[in-house]
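A quick write-up on the structure given underneath.
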Amino acid sequence: MGSQATKKEEKYIDIEDLLKESLSDKNVTGDKEDMVLEYLCQTISKTDSYDALQRKARDGDTYAYIQLASWHISHAKNIKDYCAAYHYALKASKHGYVESYYILGQLYLYGTGCIKNVHKAIKYLDIFVHTMSSKDLLNDSVLTDAYLKLATAEKKLGHYAKSCQYYTELQKIDPQYETEAREMLSLLQNNRKEFTSFAFYIVIACLIVCGTVYFLGSYLLNEYSNYAGRYKIEPKVTIIEKETPAPQPVVVTKPTIEVQEPVTYTLVSESVFESLGFQTIPVRGISSTSEYVSSKGNYYGATNLLDSSLGTSWQEGEEDGGIGQSIHFTFDTSVMVSAMCIYNGKQTSEEAFFENNRVASFTIFDDDLCVELTDDMQPQYIVFENPLLIDNLTFTIQSIFSGAKWNDTCITKIIFYE
Numbered sequence: 046m047g048s049q050a051t052k053k054e055e056k057y058i059d060i061e062d063l064l065k066e067s068l069s070d071k072n073v074t075g076d077k078e079d080m081v082l083e084y085l086c087q088t089i090s091k092t093d094s095y096d097a098l099q100r101k102a103r104d105g106d107t108y109a110y111i112q113l114a115s116w117h118i119s120h121a122k123n124i125k126d127y128c129a130a131y132h133y134a135l136k137a138s139k140h141g142y143v144e145s146y147y148i149l150g151q152l153y154l155y156g157t158g159c160i161k162n163v164h165k166a167i168k169y170l171d172i173f174v175h176t177m178s179s180k181d182l183l184n185d186s187v188l189t190d191a192y193l194k195l196a197t198a199e200k201k202l203g204h205y206a207k208s209c210q211y212y213t214e215l216q217k218i219d220p221q222y223e224t225e226a227r228e229m230l231s232l233l234q235n236n237r238k239e240f241t242s243f244a245f246y247i248v249i250a251c252l253i254v255c256g257t258v259y260f261l262g263s264y265l266l267n268e269y270s271n272y273a274g275r276y277k278i279e280p281k282v283t284i285i286e287k288e289t290p291a292p293q294p295v296v297v298t299k300p301t302i303e304v305q306e307p308v309t310y311t312l313v314s315e316s317v318f319e320s321l322g323f324q325t326i327p328v329r330g331i332s333s334t335s336e337y338v339s340s341k342g343n344y345y346g347a348t349n350l351l352d353s354s355l356g357t358s359w360q361e362g363e364e365d366g367g368i369g370q371s372i373h374f375t376f377d378t379s380v381m382v383s384a385m386c387i388y389n390g391k392q393t394s395e396e397a398f399f400e401n402n403r404v405a406s407f408t409i410f411d412d413d414l415c416v417e418l419t420d421d422m423q424p425q426y427i428v429f430e431n432p433l434l435i436d437n438l439t440f441t442i443q444s445i446f447s448g449a450k451w452n453d454t455c456i457t458k459i460i461f462y463e
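Numbering of the sequence shown is given in our numbering, commencing with residue 46 and proceeding in unit increments.
Below you can see the structure in the form of structure tokens.
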């Protein structure tokens with residue numbers, strides 16, 4: 046009996062090493078990973094394999110969190126299994142495992158209830174793809190699957206241009222996706238044609254309505270003029286005599302001057318922010334007083350703050366850590382900036398986040414308001430009280446959280462709301 050238990054434990058250790066190899070080695074195919082997961086879940090009883098994974102996690106093997114998340118996904122029957130997989134994948138992400146972002150993206154894309162969120166799926170899969178691409182793992186089957194899931198997620202949201210872009214990337218990795226890339230490009234072109242046709246018909250309809258109103262108005266005015274001339278209609282004037290009132294003394298009052306209340310702010314959670322129903326304000330132009338110029342050709346300019354990717358960021362290029370550096374935003378019209386969201390630091394990974402400087406506080410609205418941030422990788426939502434009607438604003442760094450390795454201050458995204 047004891048020898049049988051030892052054999053089962055040895056079998057688990059072999060499978061665990063093979064699974065870890067399949068998730069980290071770019072030469073191992075996705076089919077081999079699926080075979081390992083199937084063997085782990087079928088040849089060993091569910092209770093024994095799960096208990097063994099939990100023991101590894103308690104013994105300090107943080108990679109066991111990845112295996113526990115994969116175990117729950119392979120046995121998912123209800124929302125509890127999806128929540129457990131999410132719990133372990135989130136723990137793995139805090140230990141810097143890139144695979145956790147792939148699992149989180151997969152859960153948000155195909156999960157149920159509160160776990161299902163296509164926007165968050167795109168966020169985590171995008172981080173995974175950029176991180177894996179930077180490691181030159183373009184032939185990895187997991188990376189290929191991540192691109193496929195990104196294309197699917199963007200297609201669900203109706204973002205056909207982005208979906209077509211991901212299918213094009215897939216085509217570079219594997220030519221078998223050429224058909225899907227062409228179909229998505231054709232769908233994008235058809236949608237543009239339909240929109241153009243719809244806009245054309247709307248313009249024609251407006252011209253017809255305006256022409257009808259014009260000719261009808263002209264006809265009625267002409268008929269009325271003929272009728273008035275035929276019957277010589279003259280307006281009746283009645284003269285009413287009134288007594289001239291006695292002059293009253295004029296009281297001069299001083300004009301009331303309205304004083305603008307000072308702008309204040311409050312940091313709120315994501316759920317509270319979403320319940321307030323703010324709308325995104327489009328930014329017309331952006332510039333910064335400094336930006337880092339990479340010798341490798343990577344771009345770290347201010348326009349990175351406006352795209353939808355968490356894999357790009359603005360990075361200042363001064364030697365003092367960026368204190369006093371500014372980013373200037375302009376809008377199409379005067380808007381009431383009621384809130385903003387900031388993705389602080391470099392968001393490609395937790396390691397990169399803490400290696401570089403992060404913004405600790407900044408001023409906004411002509412240096413009248415100083416906002417203090419937390420040293421957190423999560424997006425921070427700021428709601429303003431008594432906002433001003435403006436067509437531009439300046440974001441100036443006042444203090445920073447120092448990086449463990451680099452003295453460069455980074456910001457990934459800034460979004461304004463009204």
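Don't be surprised by glycine CBs; every beta carbon is placed ideally from N, CA and C.
Pick from the options: whose alpha carbon is nearest that of residue i?
i	options	result
P327	F318, G362, V382 and K450	V382
L195	Y272, D171 and Q370	D171
V308	F243, V404 and V416	V416
D421	S314, G367 and I460	S314
L433	K207, Q221 and V380	V380
H140	V174, I460 and A397	A397
F318	P424, E336, Q443 and C255	P424
Q360	P290, W451 and A384	W451
E199	I253, S332 and V163	V163
G322	Q443, V174, V428 and T197	V428
L154	A191, S178 and K136	A191
N343	F260, S179 and A405	S179
D106	H117, A129, G156 and K136	K136
M177	L202, E144 and C209	E144
S119	D104, I249, Q99 and Y95	Y95
Mapping DSSP to helix, strand and coil, what is residue i?
i	result
S332	strand
H140	coil
L350	helix
T388	Checking the sequence, you will find Tyr at residue 388 rather than Thr. Three-state result, Y388: strand.
S371	strand
L355	coil
Q293	coil
M177	helix
F399	helix
T454	strand
E78	The predicted position of E78 is uncertain, since its pLDDT is 43 and thus under 50; a value taken from the coordinates is nonetheless stated next. It is helical.
Q464	Not covered by the structure: residue 464. The range shown for the chain is 46 to 463.
T309	strand
L188	helix
E440	The sequence given here places Phe at residue 440; Glu does not occur at that position. In this structure, F440 counts as strand in the three-state DSSP scheme.
L170	helix
Y222	helix
Y337	coil
F318	helix
E260	Reading the sequence as shown, one finds Phe at residue 260 and not Glu. Residue state, collapsed to three classes: helix.
F323	coil
With a cut-off of 8 angstroms on the beta carbons, I'd call residue i and residue j a contact; round off their distance for me.
i	j	result
Q324	Y426	Rounded, the Cβ-Cβ distance is 14 angstroms, inconsistent with contact.
F407	T375	About 18 angstroms separates the two Cβ atoms, so there is no contact after all.
T454	G367	3 angstroms
K101	A109	4 angstroms
I456	N389	6 angstroms
Y127	A121	6 angstroms
E336	A347	6 angstroms
I160	I124	7 angstroms
I189	D219	Note on identity: in this sequence residue 189 is Thr, with Ile being the wrong assignment. That pair is a contact at about 6 angstroms.
Y205	L215	So it is not a contact: roughly 15 angstroms between Cβ atoms.
R329	D365	So it is not a contact: roughly 30 angstroms between Cβ atoms.
Per DSSP, what are the beta-bridge partners of residue i in this structure?
i	result
I445	V404
G376	A small fix is needed here, since residue 376 is Phe in this sequence, not Gly. Note: F376 sits in a beta bridge opposite V328.
M381	L434
E459	At residue 459 the sequence reads Ile, which differs from the Glu that was named. Per DSSP, I387.
L31	Coverage of the chain is limited to positions 46 through 463, which leaves residue 31 absent and any answer about it impossible.
E417	S406
Y344	V338
Indicate whether residue i and residue j have their beta-carbon atoms separated by less than 9 angstroms.
i	j	result
F410	G448	no
Y146	I111	no
L418	Q392	no
E395	S186	no
K207	L351	no
Y212	E225	yes
S340	N349	no
I435	I372	no
N431	E306	yes
Y169	G150	yes
L414	Y310	yes
A384	Q443	no
S320	Q370	no
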